[in-house]
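Those protein sequence lines, which keep their order, are chains A and B.
Taking my numbering, the leading residue of the first sequence gets 44, the next gets one more, and so forth.
Taking my numbering, the leading residue of the second sequence gets 3, the next gets one more, and so forth.
C-beta atoms are modelled at their ideal positions from N, C-alpha and C, and glycine is treated no differently.
Predicted model, so just to flag it, every value in this text is computed and none were measured.
Here the structure comes first, spelled out in structure tokens, and everything after it is commentary.
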Amino acid sequence: MCWIAIVAVLGLVVGPAAAQPAPDPARTGLGIRLLDAPSDRRDDPRAQVYVVDHVQPGAALSRRVEVVNRTGRAAQVSLYPAAAELTAGSFQVLPGAAANQLTGWIRVSPATLRLAAGASGTATVDIAVPAGTGGGERYAAVMAEIRESSSEEGISIASRVGVRVYLSVGGPKEPVSDFEITTLQAARQPDGRPIVTAQVRNTGGRALDMSGTLSLTAGPGGLSAGPFPAELGTTLPPGGSSPVVVVLDPAIRGGPWVATLTLRSGPLERAAKATVTFPDEAGQQAEPVAAEQLPLVKDPDILVPLAGALIGLIVAVLLYVLYRRRRRDRGDEGPGAQ
Amino acid sequence: MRKALALGTVALSLAGLAAAAAPASAADVTATFTVAAGTLSIATAATSANLGTATTSLTGTTVTGNLPKVTVTDNRGSTLGWNSSVASTAFTSGALTIAASKAKAYIVPTNGPTLTSAALSAVPSTTAIDAATGLTLGAAQVFVTATTTASNSVDYTPTVQVTIDSTVAAATYSGTISHTVV
Chain A
44 MCWIAIVAVL GLVVGPAAAQ PAPDPARTGL GIRLLDAPSD RRDDPRAQVY VVDHVQPGAA
104 LSRRVEVVNR TGRAAQVSLY PAAAELTAGS FQVLPGAAAN QLTGWIRVSP ATLRLAAGAS
164 GTATVDIAVP AGTGGGERYA AVMAEIRESS SEEGISIASR VGVRVYLSVG GPKEPVSDFE
224 ITTLQAARQP DGRPIVTAQV RNTGGRALDM SGTLSLTAGP GGLSAGPFPA ELGTTLPPGG
284 SSPVVVVLDP AIRGGPWVAT LTLRSGPLER AAKATVTFPD EAGQQAEPVA AEQLPLVKDP
344 DILVPLAGAL IGLIVAVLLY VLYRRRRRDR GDEGPGAQ
Chain B
3 MRKALALGTV ALSLAGLAAA AAPASAADVT ATFTVAAGTL SIATAATSAN LGTATTSLTG
63 TTVTGNLPKV TVTDNRGSTL GWNSSVASTA FTSGALTIAA SKAKAYIVPT NGPTLTSAAL
123 SAVPSTTAID AATGLTLGAA QVFVTATTTA SNSVDYTPTV QVTIDSTVAA ATYSGTISHT
183 VV
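The structure is reproduced here in structure tokens:
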């Protein structure tokens, strides 16, 4: 009996000292996730989470989403498509049941799911693109919303969660995705943390969701630092340009440092580097420095034709060698036979 | 030797043709498979809020109050983030409406955003909705953006401040503030 009491006391004393109480995993609220992705986009992380596709006019596609009710009580969930736009470097869903051309092509069924506490349900998202539609990429989101009419006065709080849709319409070949890191700018935030802001321009034909890392090398005393993750949330429309910020460790000082930034969107990856020096005072910015593009790392659109061209070159060389040998053999036989 | 060379050439030609033909994306049938990512969720501590009372005056007045805490949980384990935007409808009382030109809603996260569970310690960035411009009633503005990859959970308590000018009549006004996470 008394050693059980000792164990209990020990448990109190040596328990983990959590700075924040961990959120109750049973009460994460209203959740949604994508259930299907195309097999030919298996290596695209964006296609596993968003509805990303390229179709020709007249085509149709279908995806399933799962809605989970972890609000702790039964709920009636409304499902509907809402218009979205890429504004100020982010993917924004317009308020309410805003409509655009893409939402007119989307049908979510069922439109309402009655879910008990802890239950989940599946809905099908059918997108039918009419024949004769002009090319281009459109944006929307499949929203799940709990609508409760509150009898209390004051401000009603509504919340909804959704799956983004990036649908490109056009010819048989999907527009190529590409981007360019134009400049890197070192700065120090008002709180003193050093940051590097990269200006990124979308030079391709599809929207990009940027992520990546920054490494510092050849710094004062030969120091290196990083990699530091780039802040998420920057979505670039085709032709758009936005900053991507990397927040660094407060211990990083001065310079010059060689900053190498690697950014990616889906399976596409690009890297650039520049020499930067961080200002000493908080709240100051250095001048933006033109970034030098680094050789391609992972781009299936370039590597495969390049490999094909190399193989073709080897084949051509071998054929030439064969031809020369045949000519030489015939030359030997000619005079020898006589 | 010649035969080996010829065979090698043929083999390489076939390999080259196969490699060049592989990326053709003109698939007639799109096959699908099921992914195993987790969910993106939003939870609010309550579905209504009372911002309190303010007294009308010649110089206008301000109503300030906390909205229920919002918790966003991202279990998708992806390299992509999420953003949370906020929108407000106009405030009405029966037939009375506070016109958008006469009220500004200003929302800040007073508590948080706090990263409650994640492998990394990056705090999500917030866009404080400028007091001068305010939250345009009827439009949505991105408010909190996740900065970490992999699964994470963030909570924040927004404070809303509605600035009303002197022409607004005394009444109990209501409206809807909605959070969208995508």
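{"Item": "Cut-off 8 Å between Cβ atoms - residues of its own chain near residue 48 of chain B, not counting five sequence neighbours on either side", "Value": "70"}
{"Item": "CA nearest to the CA of residue 33 of chain B, picked from A:219, A:106, A:218", "Value": "A:106"}
{"Item": "Continuous beta strand (DSSP E) stretch holding residue 73 of chain A: start and end", "Value": "72-77"}
{"Item": "Coil, strand or helix - residue 104 of chain A by DSSP", "Value": "strand"}
{"Item": "Within chain A, partners of residue 82 of chain B - CB distance below 8 Å", "Value": "88, 89, 92, 93, 252, 254, 275"}
{"Item": "Beta-carbon proximity check, residue 171 of chain A vs residue 112 of chain A, cutoff 8 Å", "Value": "no"}
{"Item": "Pick from A:237, A:240, A:287 that is closest to residue 254 of chain A, judged by C-alpha positions", "Value": "A:287"}
{"Item": "Sequence-distant residues of its chain with Cβ nearer than 8 Å to residue 159 of chain A (five each side left out)", "Value": "112, 117"}
{"Item": "Contact the region 197-206 of chain A vs the region 274-291 of chain A: 3+ CB pairs below 8 Å", "Value": "no"}
{"Item": "Residue 124 of chain A - DSSP class collapsed to helix/strand/coil", "Value": "strand"}
{"Item": "Neighbour-count burial assignment, residue 158 of chain B, 16 or more Cβ in a 10 Å radius", "Value": "buried"}
{"Item": "First and last residue of the uninterrupted alpha helix (DSSP H) at residue 92 of chain A", "Value": "88-92"}
{"Item": "Listed by chain order, chain A residues near residue 62 of chain B by CB distance under 7 Å", "Value": "Ordered by position in chain A, no residue passes the 7 Å Cβ test against residue 62 of chain B, which lies about 20 Å from the chain."}
{"Item": "Selection from A:120, A:135, A:331 that minimises the alpha carbon distance to residue 85 of chain B", "Value": "A:135"}
{"Item": "Backbone CA spacing between residue 148 of chain A and residue 93 of chain A [nearest angstrom]", "Value": "17 Å"}
{"Item": "Sufficient close CB pairs (3 or more, under 8 Å) joining the region 166-177 of chain B to the region 60-79 of chain B", "Value": "yes"}
{"Item": "Minimum length 3: unbroken beta strand (DSSP E) runs contained in the region 279-345 of chain A", "Value": "284-290, 300-308, 311-319"}
{"Item": "Within 8 Å, strictly: CB atoms of residue 77 of chain B and residue 41 of chain B", "Value": "yes"}
{"Item": "Any C-beta of chain A under 8 Å from that of residue 44 of chain B", "Value": "yes"}
{"Item": "Ranges of the beta strand (DSSP E) found wholly within the region 20-91 of chain B, counting only runs of at least 3", "Value": "34-36, 42-46, 63-68, 72-76, 85-90"}
{"Item": "Helix, strand or coil at residue 173 of chain A [DSSP, three-state]", "Value": "coil"}
{"Item": "Buried or exposed by the 16-neighbour rule on C-beta atoms within 10 Å, applied to residue 145 of chain A", "Value": "buried"}
{"Item": "Contact with chain B by residue 159 of chain A, beta-carbon distance below 8 Å", "Value": "no"}
{"Item": "Partners in chain B for residue 184 of chain A, counting only beta-carbon separations shorter than 9 Å", "Value": "182, 184"}
{"Item": "Helix, strand or coil at residue 351 of chain A [DSSP, three-state]", "Value": "helix"}
{"Item": "Buried/exposed call for residue 316 of chain A, threshold 16 Cβ in 10 Å", "Value": "buried"}
{"Item": "Residue 249 of chain A and residue 223 of chain A closer than 8 Å at C-beta", "Value": "no"}
{"Item": "Cα-Cα separation, residue 261 of chain A to residue 276 of chain A", "Value": "30 Å"}
{"Item": "Burial state of residue 76 of chain A (16 or more Cβ within 10 Å)", "Value": "buried"}
{"Item": "Residue-level contact to chain B via CB, residue 71 of chain A, 8 Å cutoff", "Value": "yes"}
{"Item": "Segment limits, alpha helix (DSSP H) that includes residue 145 of chain A", "Value": "144-148"}
{"Item": "Residue 35 of chain B, buried or exposed, once every other Cβ within 10 Å from all chains shown has been counted against 16", "Value": "exposed"}
{"Item": "Residue 53 of chain B: contacting residues in chain A (beta-carbon distance under 7 Å)", "Value": "197, 198"}
{"Item": "Residues near residue 98 of chain B in its chain [Cβ-Cβ closer than 8 Å; skip 5 each side]", "Value": "171, 173, 175"}
{"Item": "Any C-beta of chain B under 8 Å from that of residue 103 of chain A", "Value": "no"}
{"Item": "Distance between residue 291 of chain A and residue 225 of chain A (C-alpha atoms, nearest Å)", "Value": "20 Å"}
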